[in-house]
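Undergrad: Protein sequence lines, in the order shown, are assigned to chains D and F. Numbered by the numbering used here, the letters in the first sequence go through residues 1 to 193 in order. Numbered by the numbering used here, the letters in the second sequence go through residues 1001 to 1167 in order. Ideal Cβ positions, reconstructed from N, Cα and C, are used throughout, including at glycine. Being a predicted model, the structure only gives us computed values, none of them experimental.
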Amino acid sequence: LPGLDLRTLARAAAGFALGLALWWGATPQYNRLLAGAAEPVVRFLERPAATRLYAEGREIVIDRSDFPSDSARPGLPADDLTFNVGLFVALAATVRGLARDRGVGRLFVALTLLFVTHAAAVVVNVEFLYAMQLGPWSEAHYGTAARNFWGTAAHFYRVVGIHAVALLLWWALVRDSREEGAPKPEPRGRKRK
Amino acid sequence: MKREQKLFLAKFVAALVIFYAILASRPVDEKVVLPFTTFLVRISTSLLKLAGEPVMSSGTMISSAAFSVDVKNGCNGVEAMLLLVSAMLAFPAPARPRFAGILAGVAIIQAVNLFRIASLFWLGVHHRDVFEVFHAAVWQTLLILLSVAIFLLWSTRLARPRPADAR
């Protein structure tokens, strides 16, 4: 297990500040990427494919070709789905030597997986909105099992999943990148031949 | 990744899913989580009154003439408790230090969470422009980082060999 000392805490604090600033500043652009990645999946899950997702500021707006043209389009507050970037960067910053060797590759894989989970969270929340929040339309298009499934998935992600994803990616991919990449120390007390 | 680490991860995820299923069920939510949240709201309201804010509480709502908040799941610290308890149960440890760690960890998280609720209300009244970022991201992340720190301190202490073991 990684130790916990003042230096580690300072690195975590700096990482958190950096992650938060990155997340806050890049969210509008990042939301465009997320909308682009989630839209084909949502369309794949529906018949006929009618959903269009687009980013508008800090929201991802949900549009459908069968929505009345004069009705307001619902928006997903994407901040609630992606703020674990700050947690992940704070945890990753505690790993010394992350910028070396295999650390960069592992960090890239972890960030890619984080993006995939964010896109999946958008898909789940769009389906949750369709299944639970559009009144008679929801009841007509989604059965009880589907409504329970999307409701539970969206709630699980918002309550524990969002934090657990960041923790697990850090633990499984980033945390020990240095130990595995570093050469093993030679045993003490023996001379080289 | 070593076998023990994989086992820890598997146990951690299983505990998380089981605890989530229990807490998300309607009876537990209505009989345990909601009264607990109401209790937190009452203490936070008292803290705000001590700080000179003219506030009152009703159920899970804290309100004043200028601002009001409804404390829901996600703001009651339960998610940080869930992560900490799951990690401590997944980590190989004797029963006594495990129980003590869970009790102390949960107490620390909730003490900080009371300050979080009160400070968010104060921000809502006096600095509404930054309320959302503190509500959505800063405090939630800090509370999870706190539970990670508590877990690391606890597990490092357990893993350290005692003088008696070294003999």
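Whole angstroms is fine: what's the gap from Ala17 of chain D's alpha carbon to Ala1010 of chain F's?
TA: By 1-based counting over the first sequence, the position of residue 17 of chain D is 17. By 1-based counting over the second sequence, the position of residue 1010 of chain F is 10. The alpha-carbon separation between Ala17 of chain D and Ala1010 of chain F amounts to approximately 31 Å.
Undergrad: Measure how close the beta-carbons of Leu58 of chain D and Pro77 of chain D come, nearest whole angstrom, since I'm counting them as under 8 Å.
TA: Numbered from 1 along the first sequence, position 58 holds the residue referred to as residue 58 of chain D. Numbered from 1 along the first sequence, position 77 holds the residue referred to as residue 77 of chain D. Strictly speaking, residue 58 of chain D in this sequence is Arg, with Leu absent from that position. Sure, about 7 Å apart at Cβ, within 8 Å.
Undergrad: Mind checking Ile1018 of chain F: buried by the 16 CB within 10 Å criterion, or exposed?
TA: As a working mapping, residue 1018 of chain F is identified with position 18 in the second sequence. Label assigned to Ile1018 of chain F: exposed.
Undergrad: Using 10 angstroms around the beta-carbon of Asn148 of chain D, count the other beta-carbons present and answer buried if the total reaches 16, otherwise exposed.
TA: In the first sequence, the residue the question calls residue 148 of chain D occupies position 148. So Asn148 of chain D ends up on the exposed side.
Undergrad: Do Arg32 of chain D and Ala50 of chain D come within 7 Å of each other at the CB atom, strictly closer than that value?
TA: The sequence position of residue 50 of chain D within the first sequence is 50, counting from 1. The sequence position of residue 32 of chain D within the first sequence is 32, counting from 1. Going by C-beta atoms, Ala50 of chain D is not nearer than 7 Å to Arg32 of chain D.
Undergrad: Near Asp176 of chain D, what residues of its chain come up, given a Cβ to Cβ distance below 6 Å and the 5 sequence neighbours on each side ignored?
TA: Stepping through the first sequence from its first residue, residue 176 of chain D is reached at position 176. Excluding sequence neighbours, Asp176 of chain D sits near nothing in its chain.
Undergrad: Flag this pair as yes or no: are the beta carbons of Thr1045 of chain F and Ile1022 of chain F separated by less than 7 Å?
TA: One-based indexing of the second sequence puts residue 1045 of chain F at position 45. One-based indexing of the second sequence puts residue 1022 of chain F at position 22. Result no, Cβ atoms of Thr1045 of chain F and Ile1022 of chain F do not sit closer than 7 Å.
Undergrad: Which residue or residues does DSSP assign as beta-bridge partners of Ile1062 of chain F?
TA: Reading the second sequence from its first residue, position 62 is the one you call residue 1062 of chain F. Ile1062 of chain F is bridged to F:Ser1057 and F:Val1069.
Undergrad: For my contact list, Pro1097 of chain F and Leu1158 of chain F are in at a C-beta cut-off of 8 Å; report their separation, rounded to the angstrom.
TA: Translated into positions along the second sequence, residue 1097 of chain F becomes position 97. Translated into positions along the second sequence, residue 1158 of chain F becomes position 158. Pro1097 of chain F to Leu1158 of chain F, Cβ: 6 Å. Contact.
Undergrad: Note down the Cα distance separating Tyr30 of chain D from Leu134 of chain D, rounded to an integer number of angstroms.
TA: The residue you call residue 30 of chain D lines up with position 30 of the first sequence. The residue you call residue 134 of chain D lines up with position 134 of the first sequence. The straight-line gap from Cα to Cα measures roughly 27 Å.
Undergrad: Between Leu1050 of chain F and Val160 of chain D, is the Cβ-Cβ spacing less than 7 Å?
TA: Here residue 1050 of chain F refers to the residue found at position 50 of the second sequence. Here residue 160 of chain D refers to the residue found at position 160 of the first sequence. Not closer than 7 Å, so no.
Undergrad: Report the residue from F:Val1133, F:Lys1031 and F:Leu1103 whose alpha carbon sits nearest the alpha carbon of Leu1089 of chain F.
TA: Along the second sequence, one-based indexing puts residue 1089 of chain F at 89. The residue with the shortest Cα to Cα distance from Leu1089 of chain F is F:Leu1103.
Undergrad: Alpha carbon to alpha carbon, how far is Ala1014 of chain F from Ser71 of chain D?
TA: Position 14 of the second sequence, counted from the start, is the residue given in the question as residue 1014 of chain F. Position 71 of the first sequence, counted from the start, is the residue given in the question as residue 71 of chain D. If you take the alpha carbons of Ala1014 of chain F and Ser71 of chain D, they lie about 43 Å apart.
Undergrad: Give the DSSP-derived three-state secondary structure of Pro68 of chain D in the structure shown.
TA: Against the first sequence, residue 68 of chain D aligns to sequence position 68. Assigned with DSSP and collapsed to three states, Pro68 of chain D falls in coil, not helix or strand.
Undergrad: Is the distance from the Cβ of Leu1048 of chain F to the Cβ of Ala1118 of chain F below 7 Å?
TA: Taking the second sequence and counting its residues from 1, one reaches residue 1048 of chain F at position 48. Taking the second sequence and counting its residues from 1, one reaches residue 1118 of chain F at position 118. Yes; because the gap between Cβ atoms is below 7 Å, this pair is in contact.
Undergrad: Mind checking whether Val174 of chain D and Val95 of chain D have CB atoms under 7 Å apart?
TA: If you number the first sequence from 1, residue 174 of chain D lands on position 174. If you number the first sequence from 1, residue 95 of chain D lands on position 95. A contact, by the Cβ cut-off of 7 Å.
Undergrad: With a cut-off of 7 Å, does the C-beta of Val160 of chain D fall near any C-beta of chain F?
TA: On the first sequence, residue 160 of chain D is found 160 positions in, with the first residue counted as 1. Output row for Val160 of chain D: interface = yes.
Undergrad: Under 6 Å: does the beta carbon of Gly143 of chain D sit that close to some heavy atom of the ligand SAM?
TA: Within the structure as shown, the ligand SAM is missing, as the structure has no ligands at all.
Undergrad: For chain D, is any of its Cβ atoms less than 7 Å away from the one on Arg1128 of chain F?
TA: Residue 1128 of chain F sits at position 128 when you count from the first residue of the second sequence. No, Arg1128 of chain F lies away from the interface with chain D (no Cβ there is under 7 Å from its Cβ).
Undergrad: In whole angstroms, give me the CA-to-CA distance for Ile1108 of chain F and Phe44 of chain D.
TA: On the second sequence, residue 1108 of chain F is found 108 positions in, with the first residue counted as 1. On the first sequence, residue 44 of chain D is found 44 positions in, with the first residue counted as 1. For Ile1108 of chain F and Phe44 of chain D, the distance between alpha carbons rounds to 46 Å.
Undergrad: If you draw a straight line from the C-alpha of Val1138 of chain F to the C-alpha of Leu169 of chain D, how long is it?
TA: Here residue 1138 of chain F corresponds to residue number 138 of the second sequence, with the count starting at 1. Here residue 169 of chain D corresponds to residue number 169 of the first sequence, with the count starting at 1. Going by C-alpha positions, Val1138 of chain F is about 20 Å away from Leu169 of chain D.
Undergrad: Residues of the segment 1058-1074 of chain F in Cβ contact with chain D at a cutoff of 9 Å, in chain order, please.
TA: Asn1073 and Gly1074
Undergrad: DSSP state of Gly86 of chain D, grouped into three classes?
TA: What you label residue 86 of chain D is simply residue 86 of the first sequence in a count that begins at 1. Note: Gly86 of chain D maps to helix in three-state DSSP.
Undergrad: Using the rule of at least 16 other Cβ atoms within 10 Å of the residue's Cβ for burial, across every protein chain shown, is Glu1004 of chain F buried or exposed?
TA: Numbered from its first residue, the second sequence carries residue 1004 of chain F at position 4. Label assigned to Glu1004 of chain F: exposed.
Undergrad: Residues in its own chain within less than 7 Å of Gly1124 of chain F by CB, not counting five upstream and five downstream?
TA: Here residue 1124 of chain F refers to the residue found at position 124 when the second sequence is read from its first residue. Cβ within range, chain order: Phe1067, Val1069 and Phe1131.
Undergrad: 7 Å is my cut-off, CB to CB: does Gly86 of chain D come that close to chain C?
TA: Any reference to chain C falls outside this structure, whose protein chains are D and F.
Undergrad: Got a sec: which bits of the segment 84-113 of chain D sit with their beta carbon under 8 Å from any beta carbon on chain F, in order along the chain?
TA: Asn84, Gly86, Leu87, Ala90 and Leu91
Undergrad: Sorted by chain position, which residues of the same chain lie with C-beta nearer than 6 Å to Leu87 of chain D's C-beta, five sequence neighbours on each side aside?
TA: By one-based count along the first sequence, residue 87 of chain D stands at place 87. Excluding residues within five positions, the ones whose Cβ falls inside 6 Å are Ala166.
Undergrad: With a CB to CB cut of under 7 Å and the five nearest residues on each side skipped, what residues in its chain are close to Leu1143 of chain F?
TA: For the purposes of this step, residue 1143 of chain F is taken as the residue at position 143 of the second sequence. Once the five neighbours on either side are set aside, the close Cβ partners of Leu1143 of chain F are Gly1077, Ala1080, Ile1109, Val1112, Asn1113 and Arg1116.
Undergrad: Look at the Cβ atom of Val123 of chain D, then the Cβ atom of Trp23 of chain D, and state whether they are nearer than 7 Å.
TA: Start at 1 with the first residue of the first sequence, and residue 123 of chain D comes out as number 123. Start at 1 with the first residue of the first sequence, and residue 23 of chain D comes out as number 23. Cβ atoms of Val123 of chain D and Trp23 of chain D: not closer than 7 Å.
Undergrad: Could you pull out every unbroken beta strand (DSSP E) segment of at least 3 residues lying fully inside the segment 1131-1158 of chain F, listed in chain order?
TA: Correct list: empty.
Undergrad: Which same chain residues, not among the five before or five after Thr1038 of chain F, have their C-beta less than 7 Å away from its C-beta?
TA: Counted from its first residue, the second sequence places residue 1038 of chain F at position 38. Correct list, in chain order: Gly1059 and Thr1060.
Undergrad: Short of 6 Å in beta carbon distance, which residues of its chain neighbour Gly75 of chain D, apart from the five on each side in sequence? Order them along the chain.
TA: Stepping through the first sequence from its first residue, residue 75 of chain D is reached at position 75. Glu59 and Val61, listed in sequence order.
Undergrad: For the putative contact between Thr27 of chain D and Asp79 of chain D, defined by C-beta atoms under 8 Å, what is the C-beta separation to the nearest angstrom?
TA: Translated into positions along the first sequence, residue 27 of chain D becomes position 27. Translated into positions along the first sequence, residue 79 of chain D becomes position 79. At roughly 7 Å, the Cβ-Cβ gap stays under 8 Å, so Thr27 of chain D and Asp79 of chain D are in contact.
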